[in-house]
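FYI, this note's numbering numbers position 229 of the sequence shown as 459, with every residue one higher than the one before it. To start, the structure itself, in structure tokens.
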Amino acid sequence: MATTTRIQPRALVRASGGPRYAVALAVDALGTGLLRPFLLLYGVAVLRLSAPTTGIAMTVGVVVGLVCMPAVGRWLDRGARSTVVAASMLVRVLGVVVLLATPAGHVWLFATAALFLGIGNQAWPAAHAALVATVAHGRERDAALAGGRALRNAGLGVGALLATTCLAGGTTALQALAAVTGLAYLTAAALAWSVHVHAHPAAAAAAATDRADGPAPRMCALLAANVVYVFCLNVPEIALPLVLVTQMHASAVWSGAIFVTNTVLVVTLQVPVTVLMSRFSRRSVLALAGVVLAASYLGFLVATSLGHGWSGPAVATVSVVCTIGEIIYAGSATALVTALAPAHVLGRTLARFQLSTGFGLAVSPAVITVLAPHGPAALWGSLAAATLLSASAVATEKDQGGRRNDCRRQARAGT
Numbered sequence: 231m232a233t234t235t236r237i238q239p240r241a242l243v244r245a246s247g248g249p250r251y252a253v254a255l256a257v258d259a260l261g262t263g264l265l266r267p268f269l270l271l272y273g274v275a276v277l278r279l280s281a282p283t284t285g286i287a288m289t290v291g292v293v294v295g296l297v298c299m300p301a302v303g304r305w306l307d308r309g310a311r312s313t314v315v316a317a318s319m320l321v322r323v324l325g326v327v328v329l330l331a332t333p334a335g336h337v338w339l340f341a342t343a344a345l346f347l348g349i350g351n352q353a354w355p356a357a358h359a360a361l362v363a364t365v366a367h368g369r370e371r372d373a374a375l376a377g378g379r380a381l382r383n384a385g386l387g388v389g390a391l392l393a394t395t396c397l398a399g400g401t402t403a404l405q406a407l408a409a410v411t412g413l414a415y416l417t418a419a420a421l422a423w424s425v426h427v428h429a430h431p432a433a434a435a436a437a438a439t440d441r442a443d444g445p446a447p448r449m450c451a452l453l454a455a456n457v458v459y460v461f462c463l464n465v466p467e468i469a470l471p472l473v474l475v476t477q478m479h480a481s482a483v484w485s486g487a488i489f490v491t492n493t494v495l496v497v498t499l500q501v502p503v504t505v506l507m508s509r510f511s512r513r514s515v516l517a518l519a520g521v522v523l524a525a526s527y528l529g530f531l532v533a534t535s536l537g538h539g540w541s542g543p544a545v546a547t548v549s550v551v552c553t554i555g556e557i558i559y560a561g562s563a564t565a566l567v568t569a570l571a572p573a574h575v576l577g578r579t580l581a582r583f584q585l586s587t588g589f590g591l592a593v594s595p596a597v598i599t600v601l602a603p604h605g606p607a608a609l610w611g612s613l614a615a616a617t618l619l620s621a622s623a624v625a626t627e628k629d630q631g632g633r634r635n636d637c638r639r640q641a642r643a644g645t
């Protein structure tokens with residue numbers, strides 16, 4: 231099995247789409263960080279909508295945005311790469327324009343803006359993964375995907391930090407942040423489009439391995455498990471603040487410290503951990519991620535049972551383990567999907583994977599907030615059990631494409 235043992239920055243940038251594309255990712259992430267954490271606040275403070283109404287509109291935008299994924303997958307399978315990435319950024323420009331044009335009290339226009347933002351946010355991961363899979367291969371591709379995630383988290387963190395410092399300006403500052411976000415998306419779209427990466431499905435199928443002409447992998451267990459795995463992304467943002475502040479009455483400082491630590495660890499460790507794990511099969515690493523995440527959930531269960539004064543530090547400590555599990559998961563899940571997918575259905579396969587990711591992200595806040603009032607055992611015990619079950623399903627699922635290729639190789643050997 232080929233492994234990547236060293237991190238070479240220039241090679242990593244080249245494998246990620248080149249310097250211009252890296253700048254596009256950074257600018258796009260910076261713009262997203264400026265607005266996304268404060269979109270709810272924009273609806274409440276600027277548009278004078280109620281918090282429940284704003285939250286429902288945002289959720290509807292995210293869920294309905296998933297409807298675009300089959301079309302995105304087909305577009306990618308026709309060979310488009312950088313064009314789809316640019317389009318995912320441009321549709322968010324449209325969302326910002328609608329947002330800025332929405333008068334106070336108009337919930338439907340706000341929902342429309344949230345829909346356009348949701349479409350762009352859902353389409354981008356699949357388009358980005360397809361682009362990277364076109365310019366890089368094997369374990370170099372895995373490292374490039376990890377590098378893109380680290381860069382994106384860095385941009386999101388910087389954007390959120392800048393936005394936080396600007397919030398003292400009130401509603402005017404929020405509108406200015408939205409305008410800057412739109413300009414960032416527009417700039418990023420232009421840079422991404424200028425890369426001009428395009429796949430040629432017929433040529434790729436002829437030059438690739440014999441898996442290239444096979445059908446799309448079913449991945450039923452992997453897709454179902456991914457819905458559960460992705461809950462880990464909302465643990466530092468939703469579950470831990472909910473438990474720490476509203477139930478354990480710990481200082482909000484702990485929630486902020488956990489979020490910052492999570493961001494720093496992802497930025498600094500995503501690539502090294504992914505490279506380290508290249509010694510093992512992607513499926514085994516993804517199963518390991520589930521075990522680590524389940525262990526962290528059980529750790530949260532123990533930490534929340536400690537007395538007042540100890541719970542905050544204990545939860546913060548366990549959150550590091552959870553972040554490590556998140557890093558292992560993020561470094562192996564998309565990489566496994568791109569490795570399983572035949573070249574001519576890569577787009578549709580990534581679109582299906584993004585549907586499971588988007589669905590998990592959409593339902594996880596509701597599941598977490600429903601389970602949390604029933605006590606730590608209900609929340610963390612349920613998450614641990616579901617994640618262990620998912621890890622088992624990932625580990626035992628067979629790669630049908632791999633078995634089919636083995637049969638073909640044996641048939642060729644016999645002739």
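Glycine included, C-beta positions come from ideal geometry on N, C-alpha and C. Note that the structure is predicted; figures quoted are calculated from it, not measured.
Following the DSSP letters along the chain, one finds Gly-368 inside the alpha helix (DSSP H) bounded by residues 368 to 396.
Straight through space, the alpha carbons of Leu-506 and Gln-500 are spaced by roughly 10 Å. As for any alpha helix (DSSP H) of minimum length 4 sitting wholly inside the segment 283 to 322, the runs are 299 to 307, ordered along the chain. The Cβ-Cβ distance between Leu-516 and Ala-356 does not fall below 7 Å.
Around the beta carbon of Leu-413, fewer than 16 other beta carbons sit within 10 angstroms, so the residue counts as exposed. Annotation for Arg-278: Ala-334 and Gly-335 place their beta carbon closer than 8 Å to its own, counting only its chain and skipping 5 residues before and after.
Note on geometry: alpha-carbon atoms of Ala-374 and His-538 lie some 43 Å from one another.
Ala-524 places its beta carbon 7 Å or farther from that of Ile-488.
In the DSSP assignment, the residues bridged to His-428 are Ala-310.
For Arg-278, the secondary structure class from DSSP, reduced to helix, strand or coil, is coil. Each residue's CA atom was taken as its position, placing Val-297 and Cys-450 some 19 Å apart.
Distance from the Cα of Val-490 is smallest, within the candidate group Leu-591, Ser-535, Ala-602 and Leu-386, for Leu-386. Counted as a single uninterrupted DSSP element, the stretch harbouring Ile-468 is not any alpha helix (DSSP H), since DSSP gives it neither H nor E. Thr-504 carries a helical assignment under DSSP once its states are collapsed to helix, strand and coil. Remark: three or more beta-carbon pairs, one from each stretch, lie closer than 8 Å, so the segment 452 to 459 and the segment 612 to 628 are flagged as touching.
Just measuring C-alpha positions, the residue of Val-274, Val-551, Ala-422 and Thr-534 sitting nearest Ala-310 is Ala-422. Taken atom to atom, the span from the alpha-carbon of Ser-586 to that of Lys-628 is near 19 Å.
Residues of the same chain with a CB within less than 6 Å of the CB of Leu-324, apart from the 5 flanking positions on each side, are Phe-346 in chain order. One thing to note: Gly-348 has its Cβ within 7 Å of the Cβ of Gly-291. The shortest C-alpha to C-alpha distance from Val-326 to any of Gly-611, Ala-344, Ala-317 and Trp-338 is the one to Ala-344.
Take Pro-267, set aside five residues on each side of it, and the residues of its chain with a beta-carbon closer than 6 Å to its own are Ala-390, in chain order.
If you check the CB distance, Cys-552 and Val-497 do not come in under 7 Å.
Runs of alpha helix (DSSP H) with 4 or more residues, each lying fully within the segment 496 to 564, are found at 512 to 533, listed in chain order. Closest in C-alpha terms to Leu-329, from the list Leu-613, Arg-379, Tyr-251 and Ala-409, comes Ala-409. For Pro-606 and Ala-376, the gap between their C-alpha atoms comes out near 32 Å. Distance from the CA atom of Asp-258 to the CA atom of Pro-502, rounded to whole angstroms, is 24 Å. Spanning the alpha carbons of Gly-520 and Ala-384 requires a straight line of approximately 24 Å. For Gln-477, there is no enclosing alpha helix (DSSP H), since its DSSP letter is neither H nor E. When secondary structure is reduced to three states using DSSP, Thr-599 falls in the helix class.
One Cα belongs to Arg-448, the other to Thr-411, and the distance between them is close to 38 Å. Shown here, His-336 sits in coil according to DSSP, grouped into three states, outside any helix or strand. Closest by C-alpha distance to Arg-322, out of Gly-303, Leu-416 and Arg-250, is Leu-416. Distances from the alpha-carbon of Glu-370 to those of Gly-561, Val-597 and Arg-578 put Gly-561 closest. For Arg-266, the secondary structure class from DSSP, reduced to helix, strand or coil, is helix.
The shortest C-alpha to C-alpha distance from Thr-599 to any of Cys-396, Glu-467 and Val-427 is the one to Glu-467. Spanning the alpha carbons of Val-276 and Arg-509 requires a straight line of approximately 51 Å.
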